[in-house]
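Chains as they are written, first to last, in my numbering: chain A, -4 to 622; chain B, 145 to 622. What follows is one structure encoded as structure tokens, with my remarks underneath.
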């Protein structure tokens, strides 16, 4: 029974994919969208069922489906694991997934390839579920690469535009750099422990380990983290995520904010028993996370494309989550993943609603004053912005605060870096709100005339997500700590509980004060002074460096892409020709020898006799000497 | 019934095709090749039920040569690859029209016969005869029905012929030497030979030259790209899909067990060379402008990884290599077919002259996309199973081999996606691109279904080949 329900949970979106790919064109757009949405909703309902069951008996469910790959010393089966961690992820992946599917019915309604959009979106949910419920690293890897594929397909959804295709390709390739790391990590673990199954690995790693094994573990953990860097857009592999905004906005909300990019955090949390054994790697994770948070937030300060701001904000928030992981506070990272999924999905969908209202305009310099025309969009986005800025009592306040707290305990510098990133977040998010919704409208008269609130299929998901962004913190309020208790069975090391003392209240106060400072800073600049960001050509100095993303892309092109291309050209033209000539060289030599040899055949008997005598003499001399 | 019936059927098919006349030739060839496929399947089921389908009889007394055909799981896997791909390749060419098509299809059938013989032969000289026999039809196919400038084509094809023939001569010398030692060409007798280290070394590298040119392993690959480009697509498919697997298969069947100590000694060098081919092929493919040449270099990269797997001398390496041979055989045939479909409509192989096709032909785009993804070994495709197993085996030898070989994951994605983007995506092309016909679609669907099914459930093939590979490994390690 459980097996069948689990299969339904897994395969329902896949059925939606098949339907839309094969018959989507033949049915009306609403039907295609409805089927896409319903199949995800089925998965959501199944997730709730399993969640309720788990809450009742507390037992994780392991389901073996079939043998997949076998290598010499162990077998890899295709199995599912439904435990606390996977169910938590399933709930918000399929839950938010359903909302975003619903939203897309309206958002994508005018696109002639809407059925394909839903097909890819369904396929994405299917792979995401696979990633989450796999009971071993390799099944997770199917999902891992599968979501990467869907991300590729959806970023390049409007495939007539080669810039979008470039962005899609970039995302796929950068992810694959990480994926190689993931694979090597799998190899190292597999060869040490002869299994990739999570529960078996956990047991194996709990035993006594030799020094050599420990070194291997360190490398394995590092390799897995490289994989996580690719998927979750951390330094130095983050540059694909902002470009990924080329995809339709629901895609940005679902894949590039709420779900897929959190896969790295999921994986590290899943393998927490490994990372706990490798404090060196944990330190690296914490540092990379904090740096990413800071760098991305600083870029976000000056972006003018509404989706780009949100994209850098996502990178920055993911960095904070990795900081928490690096401090060993997996539950805190998971908490922030969930609250972030609520408010960031809401923000992206809200920005989509704005873009929809302005017929595709994404530049905030051409927005402004939309508050009146789009009240629901405004209020829902406002709530989410307050949440991401970390204002009491919105969801983001609780989760971000916990991250800052664990960072403070871990290392003061990391705490300071994370706090600065948080203040920046408050600033640029309110900058976004002020530029978009306040003051006067700066677009064309034509646009102004058509300003309107989006239809209800768009606003309903916004409202639901905004409510979650408001109250989502409740799942792990200090005192009750429901999430911490819920996650206990999957964490190898117990995270000690915090009683709220003066210390904690002080940190909370500082965080809150920082957020308020960021908001006021933005207020004075964009409301009081009515400042509008300058045109691209007028930006100078260090701002220009930041505006141009620190020239990281240019640096990568210079360092990797161009040398690779030159090498390719060199190999293709010079080396290939030379090698070819070399082979022909043998032919030429043989030919030459033949031509020379031909000359010996003169037909003169005298010469032949002479050669014969010389030959006989030579043999005789040789025999004589040999004796 | 034994495996000779497959050979007889293919040979009869070749003759029948020749006499059926130009109009019927392709259909007759298809019927016979499908028959051979059916026959191999039924023989496989006999084999799996414990029946004996091998065959041995005396042929020549002096020197002692036997008509020995050994059909174990490994050989059957390769025979099935050949007999499955042959009808598919023939069917895929239904959209082309060839002059003297009776000659053309007869040669295709004959080539299939010779390749099947190579996979089955268990007598050195017999094997050598089949090995060389396979070269003749492809030479004529590429020469007569190829494309591009006739003079250049002649040069490229002749170079290929002489180069591979020259390499094979070293193998012949090795066989002659082995015969002088064992007084037999039989595979089993050669396995039993106790050669000294230096003898093994000579024999090993004599074999290596023949195989390195055929596979090809860098730097012996220079014949490949031009021949792939000039040959008609059917020829390219036969070459890349099946013929280069003859070399890889022979490494496992002949080279490693006959000279095991040399194999162990030179293992790191050979793996290194093979992996260098992976990286080299991938990098050259990055900037290729000709679609068929790009696929040729991608093929060079893929077979490099397969060869590396073979030379690990581990079960994982060998079985991953065999799985990857089969997977690569199917996917490369599909990819060359996609190139052919574009050529049928746009008469170009230059990637810059394509683009903007996707909007006009959603079905073709999807199928091409899936093949591209299989080629970059996306999990869920059969290619992933093979590549994963090979890389795993490499990591057991030395994790750096796995890292370097694994760059194919990144570089492969780079050149394949770039190719796909430039050839298929972008603003709608002004030239009309007709959607694939149902005949064309069938070829794709068969290939894709195969790759996806075994991608999720490779067990039947793994179970088929593992006992034979274990037997070979025990010969290597004893």
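For every residue, glycine included, the Cβ atom is placed at its ideal position computed from N, Cα and C. Please read all numbers here as calculations on a predicted model, not as lab measurements.
In chain A, which residues lie with their C-beta within 7 Å of the C-beta of residue i?
| i | result |
| --- | --- |
| residue 540 (chain B) | 186 |
| residue 363 (chain B) | 574 |
| residue 546 (chain B) | 179, 182 |
In the DSSP assignment, find the unbroken beta strand (DSSP E) run with residue i in it and report its ends.
| i | result |
| --- | --- |
| residue 516 (chain A) | Element bounds for residue 516 (chain A): not the beta strand (DSSP E) but the alpha helix (DSSP H), 497 to 518. |
| residue 66 (chain A) | 56 to 66 |
| residue 70 (chain A) | 69 to 77 |
| residue 203 (chain B) | 199 to 204 |
| residue 211 (chain B) | 209 to 213 |
Pull up the distance between the alpha-carbon of residue i and that of residue j, whole angstroms please.
| i | j | result |
| --- | --- | --- |
| residue 499 (chain A) | residue 384 (chain A) | 19 Å |
| residue 445 (chain B) | residue 13 (chain A) | 33 Å |
| residue 278 (chain A) | residue 91 (chain A) | 32 Å |
| residue 54 (chain A) | residue 78 (chain A) | 7 Å |
| residue 578 (chain B) | residue 285 (chain A) | 53 Å |
| residue 72 (chain A) | residue 151 (chain A) | 33 Å |
| residue 610 (chain B) | residue 340 (chain A) | 49 Å |
| residue 514 (chain A) | residue 421 (chain A) | 6 Å |
| residue 201 (chain B) | residue 74 (chain A) | 49 Å |
| residue 402 (chain A) | residue 377 (chain A) | 28 Å |
| residue 625 (chain A) | residue 583 (chain A) | Lying outside -4 to 622, the shown extent of chain A, residue 625 (chain A) is not represented and no answer is given. |
| residue 302 (chain B) | residue 283 (chain B) | 8 Å |
| residue 413 (chain B) | residue 406 (chain B) | 11 Å |
| residue 188 (chain A) | residue 162 (chain A) | 39 Å |
Along chain A, which residues have their Cβ under 9 Å away from the Cβ of residue i?
| i | result |
| --- | --- |
| residue 154 (chain B) | Neighbours of residue 154 (chain B) on chain A: none; closest Cβ ~33 Å, over 9 Å. |
| residue 308 (chain B) | None at all; the shortest Cβ gap to chain A is about 11 Å. |
| residue 565 (chain B) | 151, 154, 157, 160, 161, 163, 164 |
For the alpha helix (DSSP H) containing residue i, list its first residue and its last residue.
| i | result |
| --- | --- |
| residue 534 (chain B) | 526 to 541 |
| residue 211 (chain A) | 206 to 226 |
| residue 150 (chain A) | 132 to 150 |
| residue 454 (chain A) | 451 to 466 |
| residue 325 (chain A) | 325 to 352 |
| residue 42 (chain A) | 24 to 52 |
| residue 479 (chain A) | 477 to 482 |
| residue 541 (chain A) | 536 to 542 |
Show which residues of chain B have a CB atom less than 8 Å away from the CB atom of residue i.
| i | result |
| --- | --- |
| residue 175 (chain A) | 547, 550, 551, 553, 554 |
| residue 564 (chain A) | 431 |
| residue 137 (chain A) | 523, 524 |
| residue 167 (chain A) | 557, 561 |
| residue 144 (chain A) | 517, 522 |
Quick one: which chain B residues come within Cβ less than 7 Å of residue i?
| i | result |
| --- | --- |
| residue 226 (chain A) | Ordered by position in chain B, no residue passes the 7 Å Cβ test against residue 226 (chain A), which lies about 14 Å from the chain. |
Strictly below 8 Å CB to CB, what residues from chain A border residue i?
| i | result |
| --- | --- |
| residue 562 (chain B) | 164 |
| residue 569 (chain B) | 151, 154, 155, 157, 160 |
Counting pairs of beta carbons, one from the region 263 to 275 of chain A and one from the region 292 to 299 of chain A, are three or more of them closer than 8 Å? Short answer: they don't touch.
Within 8 Å, do at least three Cβ pairs link the region 335 to 344 of chain B to the region 240 to 260 of chain B? No, because fewer than three Cβ pairs between the region 240 to 260 of chain B and the region 335 to 344 of chain B fall closer than 8 Å, the two stretches do not touch.
Report the residues of the region 598 to 613 of chain B with a CB closer than 8 Å to any CB of chain A, ordered along the chain. For chain A, the residues of the region 598 to 613 of chain B that bring a beta carbon within less than 8 Å of one of its beta carbons are 600, 601, 602, 603, 606, in chain order.
Contact set between the region 336 to 361 of chain B and chain A, restricted to residues whose Cβ is under 9 Å from the partner: With the criterion set as a beta carbon lying under 9 Å from some beta carbon of chain A, the region 336 to 361 of chain B has no members that meet it.
With 8 Å as the limit, tell me which residues of the region 431 to 450 of chain B have their beta carbon closer than that to any beta carbon of chain A; keep them in chain order. Sequence-ordered contacts of the region 431 to 450 of chain B with chain A read 431, 432 [C-beta pairs closer than 8 Å].
Residues, ordered as in the chain, of the region 55 to 82 of chain A that lie near chain B by beta-carbon distance below 8 Å: Hits within the stretch, in order: 61, 62, 63, 64, 65, 66, 67, 73.
Quick test of the definition: if touching needs 3 or more C-beta pairs under 8 Å, does the region 203 to 210 of chain A touch the region 519 to 535 of chain A? As far as the Cβ criterion goes, the region 203 to 210 of chain A does not touch the region 519 to 535 of chain A, which means the pair count is below three.
The region 325 to 338 of chain A in contact with the region 362 to 373 of chain A per 3-pair CB rule at 8 Å: Because the criterion of three Cβ pairs below 8 Å is not met, the region 325 to 338 of chain A and the region 362 to 373 of chain A do not touch.
Identify each residue in the region 454 to 478 of chain B for which the Cβ-Cβ distance to at least one residue of chain A is less than 7 Å, and report them in chain order. So the close ones are 458, 459, 460.
The region 409 to 429 of chain B: which residues have C-beta closer than 7 Å to a C-beta of chain A, in chain order? Taking 7 Å as the Cβ-Cβ cut-off against chain A, the residues of the region 409 to 429 of chain B that qualify are 424, 427, 428.
Residues of the region 519 to 539 of chain B with Cβ closer than 7 Å to any Cβ of chain A, in chain order: Taking a C-beta cut-off of 7 Å against chain A, the contacting residues of the region 519 to 539 of chain B are 522, 523, 524, 529, 532, 533, 535, 536, 539, listed in chain order.
Cβ pair count under 8 Å reaching 3, the region 504 to 511 of chain A against the region 408 to 420 of chain A: Output reads yes: the region 408 to 420 of chain A touches the region 504 to 511 of chain A.
Below 8 Å, how does it come out for the region 169 to 184 of chain A and the region 535 to 546 of chain B: are there three or more Cβ pairs, yes or no? Short answer: they touch.
Tell me, please, whether the region 6 to 26 of chain A touches the region 111 to 120 of chain A by the rule of three or more beta-carbon pairs shorter than 8 Å. Yes, since at least three Cβ pairs between the region 6 to 26 of chain A and the region 111 to 120 of chain A fall closer than 8 Å, the two stretches touch.
Of all the residues that make up the region 377 to 389 of chain B, which are near chain A by a beta-carbon distance shorter than 8 Å? Against chain A - using a Cβ distance shorter than 8 Å - the region 377 to 389 of chain B contributes no residues.
Would you call the region 185 to 195 of chain B in contact with the region 604 to 620 of chain A, where contact means no fewer than 3 C-beta pairs closer than 8 Å? No, the region 185 to 195 of chain B is not in contact with the region 604 to 620 of chain A.
Evaluate the contact criterion for the region 261 to 271 of chain B versus the region 208 to 228 of chain B: three or more CB pairs, one atom per stretch, below 8 Å. Yes: at least three Cβ pairs fall under 8 Å.
Three or more C-beta pairs below 8 Å linking the region 436 to 445 of chain A and the region 385 to 404 of chain A: These segments do not touch.
With three or more C-beta pairs closer than 8 Å as the rule, is the region 555 to 565 of chain B touching the region 515 to 523 of chain B? The region 515 to 523 of chain B vs the region 555 to 565 of chain B: in contact.
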